[in-house]
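Engineer:
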Amino acid sequence: MPERTAPSFGEMLARLVSRPTILMEVCGTHTVSIFRNGIRSLLPKELTLLSGPGCPVCVTDQSEIDAALSLASLSGVTVTTFGDLLRVPGRDGSLLDARGRGADVRIVTSAFQALETALREPERQVVFLAPGFETTAPSTAAVLLEAAEKKATNFSVLSLHKLVPPVLRVLAADPNLAVDGLLLPGHVSVILGEAPYSFLPEQHGIACAIAGFEAEEILLGLTELLRQIRTNRPTVRSLYGKAVRPEGNARARELMERVFRPVDAPWRGLGVLPSSGLALREEFLPWDAAQRFPLPTTPAQVETGCRCGDILTGKLTPPECPLFDNPCTPASPVGPCMVSSEGSCAAHYRYALRGTP
Amino acid sequence: MSRLTLGHGSGGRLTQQLVHRIAECFPLTGHDMEDCAIAPDGSGATMDGFTVTPRFFPGGNLGKLAACGVANDLAVRGVRPEQLLLSVIAEEGFDEEELLAHLRNAGAVCDALAMRLVGGDTKVVPRGAVDGLFLSACAMGREIPRREERLGAARLQPGDTILLTGPAGRHGATIAAARYELDVPGLTSDCAALWPLLAPLLSLPGLRAMRDCTRGGVGTVLCEWAESRHLGISVEERAFPVDPGVLSVADLLGLDPLYLACEGTAVVAIAPEEAVEALRLLRSHPLGAEAAAIGVVTEEHPNLVSLTTRIGGRRLVDMPVGELLPRIC
Numbered sequence: 004m005p006e007r008t009a010p011s012f013g014e015m016l017a018r019l020v021s022r023p024t025i026l027m028e029v030c031g032t033h034t035v036s037i038f039r040n041g042i043r044s045l046l047p048k049e050l051t052l053l054s055g056p057g058c059p060v061c062v063t064d065q066s067e068i069d070a071a072l073s074l075a076s077l078s079g080v081t082v083t084t085f086g087d088l089l090r091v092p093g094r095d096g097s098l099l100d101a102r103g104r105g106a107d108v109r110i111v112t113s114a115f116q117a118l119e120t121a122l123r124e125p126e127r128q129v130v131f132l133a134p135g136f137e138t139t140a141p142s143t144a145a146v147l148l149e150a151a152e153k154k155a156t157n158f159s160v161l162s163l164h165k166l167v168p169p170v171l172r173v174l175a176a177d178p179n180l181a182v183d184g185l186l187l188p189g190h191v192s193v194i195l196g197e198a199p200y201s202f203l204p205e206q207h208g209i210a211c212a213i214a215g216f217e218a219e220e221i222l223l224g225l226t227e228l229l230r231q232i233r234t235n236r237p238t239v240r241s242l243y244g245k246a247v248r249p250e251g252n253a254r255a256r257e258l259m260e261r262v263f264r265p266v267d268a269p270w271r272g273l274g275v276l277p278s279s280g281l282a283l284r285e286e287f288l289p290w291d292a293a294q295r296f297p298l299p300t301t302p303a304q305v306e307t308g309c310r311c312g313d314i315l316t317g318k319l320t321p322p323e324c325p326l327f328d329n330p331c332t333p334a335s336p337v338g339p340c341m342v343s344s345e346g347s348c349a350a351h352y353r354y355a356l357r358g359t360p
Numbered sequence: 090m091s092r093l094t095l096g097h098g099s100g101g102r103l104t105q106q107l108v109h110r111i112a113e114c115f116p117l118t119g120h121d122m123e124d125c126a127i128a129p130d131g132s133g134a135t136m137d138g139f140t141v142t143p144r145f146f147p148g149g150n151l152g153k154l155a156a157c158g159v160a161n162d163l164a165v166r167g168v169r170p171e172q173l174l175l176s177v178i179a180e181e182g183f184d185e186e187e188l189l190a191h192l193r194n195a196g197a198v199c200d201a202l203a204m205r206l207v208g209g210d211t212k213v214v215p216r217g218a219v220d221g222l223f224l225s226a227c228a229m230g231r232e233i234p235r236r237e238e239r240l241g242a243a244r245l246q247p248g249d250t251i252l253l254t255g256p257a258g259r260h261g262a263t264i265a266a267a268r269y270e271l272d273v274p275g276l277t278s279d280c281a282a283l284w285p286l287l288a289p290l291l292s293l294p295g296l297r298a299m300r301d302c303t304r305g306g307v308g309t310v311l312c313e314w315a316e317s318r319h320l321g322i323s324v325e326e327r328a329f330p331v332d333p334g335v336l337s338v339a340d341l342l343g344l345d346p347l348y349l350a351c352e353g354t355a356v357v358a359i360a361p362e363e364a365v366e367a368l369r370l371l372r373s374h375p376l377g378a379e380a381a382a383i384g385v386v387t388e389e390h391p392n393l394v395s396l397t398t399r400i401g402g403r404r405l406v407d408m409p410v411g412e413l414l415p416r417i418c
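Top to bottom, those sequences are chains A and B. Add 3 to a position in the first sequence, counting from 1, and you land on the number used in the working numbering. Add 89 to a position in the second sequence, counting from 1, and you land on the number used in the working numbering.
Spelled out as structure tokens, the structure:
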């Protein structure tokens, strides 16, 4: 048996925890990496790790899926989007179900592929459903600029984009949530820099570490958080190397600002949060699917009993939701946290449902 | 109203449930109902349908996939592939030269195995009735006589060593890269006939079971083994042979290589005292150059597969549920 470095990781964390501590990983990519690398099995018992609201699919509201479904039902319309959005249930099934009934729903891996589809098939109206945070919004913006330049009149975007700092503001102000530290996503921070997070330590005393997604990077992030908590000096510290500059990526932000304006947006289970979403600016309205096509105006929410809102804010862990495992499973998800590969419910189900073997 | 989704065809839990419902339609069925049926006299037969988009991919094409696929289903049961029946369903307007290109590749695989084409069926259907070209193949052969009980998951025992003949997920990653237009230099499908690699293992009395890890990947095979024998399987992430191209595709698309399909890579269970010799035999063939012992069968955590991760954490390996969908970012 080769010599293991493993116990030292667990011991290292244990040495840094002096009192019961609650940390939250904000981003879904972190959630999955934490489960896939078995990091939870290494945590000392005083340390609780919660999953936060940073899974783009999970926070997509039912009304947004309903809008997508109504687009998919129009003849001549091709709906393109990222794969894991396809299984999210709306009022009347998911986009995957719609595809099974004959709707033209296609998976793309980038906004550019969606525009290419439109240029290749001028006889179709191609709509790109654009979910995601500051990581994907700049590329949607770039594609909209290109669509405008190429006068691609058969291309449009339904913006489901959301912003990370506004939801963290809501979380931090929630008296029912006692989080000591936040593990912040590297890729979002590459765009935003460190400044948008500074209110967290300054106003709420929350420790912040920006970290990458490899196992070692996450462990490094956790130790940094524990160190800040131990010394009682919360701050925003980037461990993502040179990729995160304190000021972020100004060019990507300019692109976003050129094309989008912040709007109040619905988050699954959290309600409408102020200035937390992105809508197309007036100049780009000709490429706004919400303008081009008739969409349901006041979509009725279905009462499913899904506790996504509490899961996304760390108030409930997935197994504490009354629907977890019965009837909500990855095969027939009730809520989006069970849908996305990055959702905390799906991750719990897949990697921890039957305990750690 | 229940409709089939692509998830029902992706080899995981949903497929398992659908196959069960299909089998229930038949009053008389065999008792083990595996991919490959072996008669009491040792003759074996298997069949499989093949469709892939794109039809040509780095490392193979639909024709090669079909011939290797059925031959491998026999090979892992210790049955030498000897005869092939082939059904061709082509769409009206399909390029004949392309059809023959696929079949020449299938022919080359058969030639190398001394497998003979003995029959088949050819249909051309109206445009739109199929997507280009579907191939179905049936392979038949004879079991290599062994003194021990027939190979299969039923022979797994606590303490057995689990071997993997090469990096996991090369075929699945290659197809995903092609489908989502990712350029990954050096990544090719592992599509290959396994008989020459696996046949030498049949001389080892401690050989328990072999499986080619097609749809659902290595993870699914391990889960099926653990569940069927009510035993646990523990694997070590660091012991897995890896392909850098597979890792980068998996990373980009948010997929787990453990669940990506292989078309020329097998999992082997063998008595621990013969594991070293089995590895030597596997590694002496080019297809098995990277073969490795990845884990053990255990009485702990019955029905479950556990993975010790690179950093020493432990987690469950569960069967994937539906269609593998790439994630957002």
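Yeah, the Cβ is synthetic: ideal placement off N, Cα and C, and Gly gets one too.
#1: Taking a contact to mean a Cβ-Cβ separation below 7 Å, would you say Leu258 (chain A) touches Ala133 (chain A) in this structure?
#2: So within the region 153 to 201 of chain B, which uninterrupted beta strand (DSSP E) runs reach at least 3 residues, ignoring any that extend past its ends?
#3: Expressed to the nearest angstrom, what Euclidean distance is found between the alpha-carbon atoms of Gln294 (chain A) and Leu288 (chain A)?
#4: Just the C-alpha distance for Leu336 (chain B) and Phe38 (chain A), rounded to the nearest angstrom, thanks.
#5: Would you be able to state if there are at least three C-beta pairs under 8 Å between the region 226 to 233 of chain A and the region 168 to 182 of chain A?
#6: Going by the CB atoms, is the gap between Val168 (chain B) and Ala355 (chain B) shorter than 7 Å?
#7: Given Asp162 (chain B), which residues of its chain have a CB within under 8 Å of its CB, disregarding the five upstream and five downstream residues?
#8: Have a look at Thr32 (chain A) and Arg369 (chain B) and give me their C-alpha separation to the nearest angstrom.
#9: Does DSSP classify Pro277 (chain A) as helix, strand or coil?
#10: Give, in chain order, every residue of the region 254 to 272 of chain B whose Cβ lies closer than 8 Å to some Cβ of chain A.
#11: Who are Ala268 (chain A)'s beta bridge partners in DSSP?
#12: What's the call for Gly41 (chain A), buried or exposed, on a 16-neighbour Cβ count within 10 Å?
#13: What would DSSP say about Met259 (chain A), mapped onto helix, strand or coil?
#14: Can the beta-carbon of Ile383 (chain B) be found less than 7 Å from the beta-carbon of Ala298 (chain B)?
#15: Taking the runs of the beta strand (DSSP E) that are 3 residues or longer, which of them lie wholly in the region 104 to 130 of chain B?
#16: Quick one: which chain B residues come within Cβ less than 7 Å of Leu99 (chain A)?
#17: What do you get for Phe115 (chain B), buried or exposed, if any count of 16 or more other CB atoms within 10 angstroms of its CB means buried?
#18: Tell me the rounded alpha-carbon separation between Leu276 (chain A) and Ala257 (chain B).
#19: Any beta carbon from chain B within less than 7 Å of Tyr354 (chain A)'s own beta carbon?
#20: In the DSSP assignment, find the alpha helix (DSSP H) that holds Gln116 (chain A) and state where it starts and stops.
#21: Beta carbons nearer than 8 Å to chain A: which residues of the region 98 to 110 of chain B have them?
#22: Please decide whether Asn329 (chain A) counts as near chain B, where near means a Cβ-Cβ distance under 7 Å.
#23: Just the Cα atoms here: how many angstroms apart are Ser162 (chain A) and Ala242 (chain B)?
#24: Can you list, in chain order, the residues of its chain with a C-beta nearer than 6 Å to that of Arg310 (chain A)? Leave out the 5 residues immediately preceding and following it.
#25: What residue range is occupied by the uninterrupted alpha helix (DSSP H) comprising Asp100 (chain A)?
#26: Can a CB atom of chain B be found closer than 7 Å to the CB of Thr81 (chain A)?
#27: Could you tell me whether the Cβ of Ser344 (chain A) comes closer than 7 Å to any Cβ of chain B?
#28: How would you list, in chain order, the residues of chain B whose beta-carbon sits under 8 Å from the beta-carbon of Ser78 (chain A)?
#29: Give the list of continuous beta strand (DSSP E) stretches no shorter than 3 residues that lie fully inside the region 350 to 418 of chain B.
#30: I'd like to check one pair, Val239 (chain A) with Cys211 (chain A): are the Cβ atoms closer than 7 Å?
#31: Please decide whether Thr250 (chain B) counts as near chain A, where near means a Cβ-Cβ distance under 7 Å.
#32: Please name the residue, chosen from A:Gly244, A:Asn235, A:Pro204, that lies closest to Leu223 (chain A) on a Cα-to-Cα basis.
#33: Can you tell which of B:Leu117, B:Gly221, B:Leu154 has its C-alpha closest to the C-alpha of Thr303 (chain B)?
#34: Can you tell me which residues form a DSSP beta bridge with Leu185 (chain A)?
#35: Closest by CA to Gly135 (chain A), which one among A:Ser78, A:Asn252, A:Val20, A:Asp87?
#36: Between Val141 (chain B) and the rest of its own chain, which residues show a CB-CB distance below 7 Å, the 5 nearest in sequence each way excluded?
Structural biologist: Based on what the coordinates show:
#1: Against the first sequence, residue 258 (chain A) aligns to sequence position 255. Against the first sequence, residue 133 (chain A) aligns to sequence position 130. Going by C-beta atoms, Leu258 (chain A) is not nearer than 7 Å to Ala133 (chain A).
#2: 168 to 180
#3: Numbered from its first residue, the first sequence carries residue 294 (chain A) at position 291. Numbered from its first residue, the first sequence carries residue 288 (chain A) at position 285. Going by the C-alpha atoms only, they are around 7 Å apart.
#4: In the second sequence, counting from the first residue as 1, residue 336 (chain B) sits at position 247. In the first sequence, counting from the first residue as 1, residue 38 (chain A) sits at position 35. The straight-line gap from Cα to Cα measures roughly 17 Å.
#5: no
#6: Counting from one through the second sequence, the residue named residue 355 (chain B) turns up at place 266. Counting from one through the second sequence, the residue named residue 168 (chain B) turns up at place 79. Cβ atoms of Ala355 (chain B) and Val168 (chain B): not closer than 7 Å.
#7: Counting from one through the second sequence, the residue named residue 162 (chain B) turns up at place 73. The residues are Asp124, Cys125, Thr135, Asp137, Ala228, Asp301.
#8: Here residue 32 (chain A) corresponds to residue number 29 of the first sequence, with the count starting at 1. Here residue 369 (chain B) corresponds to residue number 280 of the second sequence, with the count starting at 1. Roughly 39 Å between the two C-alpha positions.
#9: By 1-based counting over the first sequence, the position of residue 277 (chain A) is 274. Pro277 (chain A): strand per DSSP, three-state reduction.
#10: Tyr269, Glu270, Leu271
#11: As a first step, residue 268 (chain A) is located in the first sequence; it is residue number 265 there, counting from the start. Paired residues: A:Leu276.
#12: Working through the first sequence from its first residue, we reach residue 41 (chain A) at position 38. Buried is the call here.
#13: The residue labelled residue 259 (chain A) in the question sits at position 256 within the first sequence. Of the three classes helix, strand and coil, the one that applies to Met259 (chain A) here is helix, per DSSP.
#14: Looking up residue 383 (chain B) in the second sequence gives position 294. Looking up residue 298 (chain B) in the second sequence gives position 209. Not in contact: Ile383 (chain B) and Ala298 (chain B) (Cβ atoms no closer than 7 Å).
#15: 125 to 127
#16: For the purposes of this step, residue 99 (chain A) is identified with residue 96 of the first sequence, where counting begins at 1. Ordered by position in chain B, the residues that pass the 7 Å Cβ test against Leu99 (chain A) are Thr94.
#17: Indexing the second sequence from 1 puts residue 115 (chain B) at position 26. When all chains shown are included, Phe115 (chain B) counts as exposed.
#18: The residue given as residue 276 (chain A) occupies position 273 in the first sequence. The residue given as residue 257 (chain B) occupies position 168 in the second sequence. Those two C-alpha atoms are separated by around 44 Å.
#19: Against the first sequence, residue 354 (chain A) aligns to sequence position 351. Yes, because at least one Cβ of chain B sits closer than 7 Å to the Cβ of Tyr354 (chain A).
#20: Locating residue 116 (chain A) in the first sequence gives position 113, counting from the first residue. Run containing Gln116 (chain A): 114 to 123, per the alpha helix (DSSP H) assignment.
#21: Arg102, Leu103
#22: In the first sequence, the residue the question calls residue 329 (chain A) occupies position 326. It does not; no Cβ of chain B falls within 7 Å.
#23: As a working note, residue 162 (chain A) is residue 159 in the first sequence. As a working note, residue 242 (chain B) is residue 153 in the second sequence. Spanning the two alpha carbons is a distance of roughly 50 Å.
#24: Indexing the first sequence from 1 puts residue 310 (chain A) at position 307. If we look at Arg310 (chain A) and ignore the five residues flanking it on each side, its Cβ neighbours are Leu319, Cys324.
#25: Numbered from its first residue, the first sequence carries residue 100 (chain A) at position 97. That run of the alpha helix (DSSP H) goes 98 to 103.
#26: By one-based count along the first sequence, residue 81 (chain A) stands at place 78. Judged by the 7 Å Cβ criterion, Thr81 (chain A) is not in contact with chain B.
#27: As a first step, residue 344 (chain A) must be located in the first sequence, where it is residue number 341. Yes - at least one Cβ of chain B is within 7 Å of the one on Ser344 (chain A).
#28: As a working mapping, residue 78 (chain A) is identified with position 75 in the first sequence. Those do not exist, as Ser78 (chain A) stays about 17 Å from chain B at its closest Cβ, beyond 8 Å.
#29: 355 to 359, 381 to 387, 394 to 397, 403 to 406
#30: Here the question's residue 211 (chain A) lines up with position 208 in the first sequence. Here the question's residue 239 (chain A) lines up with position 236 in the first sequence. Cβ distance < 7 Å, so Cys211 (chain A) and Val239 (chain A) count as in contact.
#31: Mapped onto the second sequence, residue 250 (chain B) falls at position 161. Thr250 (chain B) does not count as touching chain A.
#32: The sequence position of residue 223 (chain A) within the first sequence is 220, counting from 1. Answer by Cα proximity: A:Gly244.
#33: For the purposes of this step, residue 303 (chain B) is identified with residue 214 of the second sequence, where counting begins at 1. Closest by alpha carbon: B:Leu154.
#34: Your numbering for residue 185 (chain A) matches position 182 in the first sequence. Answer by DSSP bridge pairing, in chain order: A:Met27, A:Cys211.
#35: For the purposes of this step, residue 135 (chain A) is taken as the residue at position 132 of the first sequence. The option with the nearest alpha carbon to Gly135 (chain A) is A:Asp87.
#36: Mapped onto the second sequence, residue 141 (chain B) falls at position 52. Around Val141 (chain B): Leu151, Leu154, Ile264.
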